[in-house]
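J.: In this note's numbering, the protein residues as written are 63 to 286.
Cβ atoms here follow ideal geometry from the backbone N, Cα and C, with glycine treated the same way.
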Ligand SMILES: CC(C)(COP(=O)(O)OP(=O)(O)OC[C@H]1O[C@@H](n2cnc3c(N)ncnc32)[C@H](O)[C@@H]1OP(=O)(O)O)[C@@H](O)C(=O)NCCC(=O)NCCS
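#1: Examine ligand 1 and report whether any of its heavy atoms sits within less than 8 Å of the Cβ of residue 121.
#2: Within 10 angstroms of its Cβ, does residue 268 collect 16 or more other Cβ (buried), or is it exposed?
#3: What is the residue span of the beta strand (DSSP E) that residue 101 lies within?
#4: Starting from residue 43, trace the beta strand (DSSP E) in both directions and tell me its first and last residue.
#5: Using a 10 Å radius around the Cβ and a threshold of 16 neighbouring Cβ atoms, would you call residue 143 buried or exposed?
#6: Please return the same chain residues whose Cβ sits closer than 6 Å to the Cβ of residue 192, not counting the five positions on each side in sequence.
#7: Counting only the same chain and skipping the five closest in sequence on each side, list residues whose C-beta sits under 7 Å from that of residue 232.
#8: Determine the direct distance from the alpha carbon of residue 244 to that of residue 261, and round the result to whole angstroms.
#9: What does residue 161 pair with, by DSSP beta-bridge criteria?
#10: Can you tell me whether residue 195 sits near ligand 1, meaning its C-beta is under 8 Å from at least one heavy atom of the ligand?
#11: Should residue 102 be counted as a contact of ligand 1 given a C-beta to heavy atom distance under 8 Å?
#12: When DSSP labels each residue in this structure, what does residue 94 get in the three-state scheme?
#13: Anyone know if the C-beta pair for residue 107 and residue 119 falls short of 9 Å?
#14: Consult DSSP for residue 271 and reduce its assignment to one of helix, strand or coil.
#15: Do residue 228 and residue 31 count as a contact pair if the criterion is CB distance below 9 Å?
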């Protein structure tokens with residue numbers, strides 16, 4: 063995974079790469095303390111803070127990721143909020159001046175403890191091949207399993223199982239994307255860890271074969 067900060071590793075050209083794999087970040091996006099993998103894309107006016115995107119993952123317009131760890135091949139639609147931070151509602155005031163006192167008063171300091179708590183306990187984690195629909199909001203501390211789908215406009219308050227589809231507000235289980243035995247085989251296969259060249263060989267099968275036929279062809283055929 064490459065640092066976004068400009069000291070990216072040299073790209074490793076592959077015979078099957080249609081571009082060099084360097085992350086693509088729109089000039090209007092704002093990133094701080096972030097790590098982006100190969101072939102990642104960050105679109106217009108995206109805001110990311112202390113977050114990472116695994117290889118091939120992309121974030122569409124106006125979305126925000128705060129303290130969020132994202133696996134490989136995740137598709138994050140526009141206007142999504144991954145980790146809508148909570149204010150300290152148990153304090154006398156829940157306004158930020160209690161934890162960012164430095165912004166208001168001479169000699170006062172940032173409440174580092176509160177920040178650390180938000181970063182660690184509140185971290186949002188996405189597995190691999192997760193699709194987050196338009197305008198979804200994921201609340202702090204939620205983990206979304208590999209292969210899961212989050213419907214448009216969801217507010218996700220609880221963890222989402224691998225290969226589950228959730229929808230609504232609060233997000234509720236709608237159905238499995240794939241039955242558990244197929245999901246299990248996909249998790250074993252872990253195609254998201256394949257090399258770029260292996261993916262180039264498999265992509266036509268991914269598009270044309272149904273999932274069972276794909277698994278039957280590729281299970282055990284490729285080193286996992
Ligand atoms: C979640 C989703 C993938 C489900 O698709 P699906 O399995 O084909 O679901 P269906 O259309 O058969 O709907 C099943 C039920 O869930 C409801 N539902 C579907 N999506 C919903 C959503 N986002 N929020 C609330 N309810 C939803 C439907 O109304 C339907 O309810 P009913 O049975 O009472 O009529 C899809 O609806 C969705 O939200 N896609 C995201 C699209 C998007 O954001 N694209 C952005 C570009 S990347």
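T.: Here's the rundown:
#1: no
#2: exposed
#3: Where residue 101 is concerned, there is no enclosing beta strand (DSSP E), given that its DSSP letter is neither H nor E.
#4: Any answer about residue 43 is impossible in this case: the structure gives the chain only from 63 up to 286.
#5: buried
#6: 136, 206, 210.
#7: These residues qualify, in order along the chain: 217, 219.
#8: Going by the C-alpha atoms only, they are around 20 Å apart.
#9: None; residue 161 has no bridge partner.
#10: Yes, the Cβ of residue 195 comes within 8 Å of a heavy atom of ligand 1.
#11: No, the beta carbon of residue 102 sits no closer than 8 Å to any heavy atom of ligand 1.
#12: strand
#13: no
#14: Coil.
#15: No information on residue 31 is available, as it lies outside the stretch 63 to 286 that the chain covers here.
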